[in-house]
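Step one of this worksheet: look at the structure below.
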Amino acid sequence: MDLGLEGKVALISGGSSGLGLASARELAREGMHVAVGSRDPAKLADAARSIKEVARGRVHTTSVDLTDRAAVERWVADVADEFGALHVVLVCGGSPPVGGSADFTVEDYGAAVDLVLLPAVHLALTALPHLRAAGWGRLLFVASETASSPSTRLALSGVTRAGLVRFAQSLACQTGRDGITVNVLAPATTRTPPIERVAARIAEDGDVEAALRAMGAHNPLGRIAEPEEFAALVAFLAGARASFITGGVHPVDGGAGAVGAELPYLDDVPKNILT
138 MDLGLEGKVA
148 LISGGSSGLG
158 LASARELARE
168 GMHVAVGSRD
178 PAKLADAARS
188 IKEVARGRVH
198 TTSVDLTDRA
208 AVERWVADVA
218 DEFGALHVVL
228 VCGGSPPVGG
238 SADFTVEDYG
248 AAVDLVLLPA
258 VHLALTALPH
268 LRAAGWGRLL
278 FVASETASSP
288 STRLALSGVT
298 RAGLVRFAQS
308 LACQTGRDGI
318 TVNVLAPATT
328 RTPPIERVAA
338 RIAEDGDVEA
348 ALRAMGAHNP
358 LGRIAEPEEF
368 AALVAFLAGA
378 RASFITGGVH
388 PVDGGAGAVG
398 AELPYLDDVP
408 KNILT
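The opening residue of the sequence shown carries number 138 in the working numbering; numbering runs sequentially from there.
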């Protein structure tokens, strides 16, 4: 299937590992020029090598902290200048601590908003003029299953992801006639480094693979997702064939939303294990 992405430019935050890296590889495989931003220069170097294994376009990496607004503005401007345009922006950022609503202070809630919601909003608004100038664009926000399903132990995630959904839906209404679509992806448990850390923490007798299998037992497919399965949806929503899909929240959860998003494996892990 030709997704119509050949030669277009993608900017991906949090693209040095996990869902961001898998998405960068998938978009590069489709022939896009890919610009990846992340904080860790060593991880970025490894990511660049991984992306170049499948890339048919150029690969650009920048060490950038999404909470540094001036740095984000420089990054977006530099990418648009270097490639001459910007077409697809995938906003993939950090995760807030694990815990229930009453486990946190007001300051904790503010910190979560500063970590998750505001950087995503700022990156989108910074990139938007470049998408409008191109006359064609895709804004994709990576949230979590808490964007559409509540989870007792993921209160901060639910609060920030819900805010992100409402921002994205309002933006979709404002940008549709500019040729820009806006969508939120809501992945459930996926085999990424943070989830592997959780599995290592709860594994009995050190059997991490058994722990990962148990973590997926609550959904109808009976397993967790692979990053490449998430990236496949990113590529489709980024492409020309998804031109009439906007303002949506798209679960990548193996049907978990049909049975609820209670995650018992989070009951006895440290708050910051996903960050």
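For every residue, glycine included, the Cβ atom is placed at its ideal position computed from N, Cα and C. Remember, it's a predicted structure, so these values are computed and weren't measured experimentally.
Minimum Cβ-Cβ distance from W273 to chain B less than 9 Å: In the structure shown, chain B does not exist; there is a single protein chain.
Stretch-stretch touch, CB-based, cutoff 8 Å, three pairs: the stretch 342 to 360 with the stretch 245 to 258: no
Start-to-end residues for the alpha helix (DSSP H) that takes in S307: As a first step, residue 307 is located in the sequence shown; it is residue number 170 there, counting from the start. Looking at the DSSP string, the run of the alpha helix (DSSP H) that includes S307 is 292 to 312.
The stretch 323 to 330 / the stretch 303 to 311 touching (three or more Cβ pairs under 8 Å): no
Exposure label - P364; buried when at least 16 CB within 10 Å: Here residue 364 refers to the residue found at position 227 when the sequence shown is read from its first residue. So P364 ends up on the buried side.
Whole runs of the beta strand (DSSP E) within the stretch 144 to 181, excluding any shorter than 3 residues: 146 to 150, 170 to 175
Through-space distance from V335 to P234, alpha-carbon basis: As a position in the sequence shown, residue 234 is number 97, starting the count at 1. As a position in the sequence shown, residue 335 is number 198, starting the count at 1. One C-alpha to the other measures close to 13 Å.
With 16 other Cβ atoms within 10 Å as the buried cut-off, status of M413: The first residue shown for the chain is 138 and the last is 412, placing residue 413 beyond what the model contains.
Sub-9 Å separation of L203 and A159 beta-carbons: Locating residue 203 in the sequence shown gives position 66, counting from the first residue. Locating residue 159 in the sequence shown gives position 22, counting from the first residue. For L203 and A159, no; Cβs fall outside 9 Å.
Residues sharing a beta bridge with S200, DSSP: Mapped onto the sequence shown, residue 200 falls at position 63. S175.
Bridge-paired residues (DSSP) for A340: What you label residue 340 is simply residue 203 of the sequence shown in a count that begins at 1. Bridge partners of A340: none, in fact.
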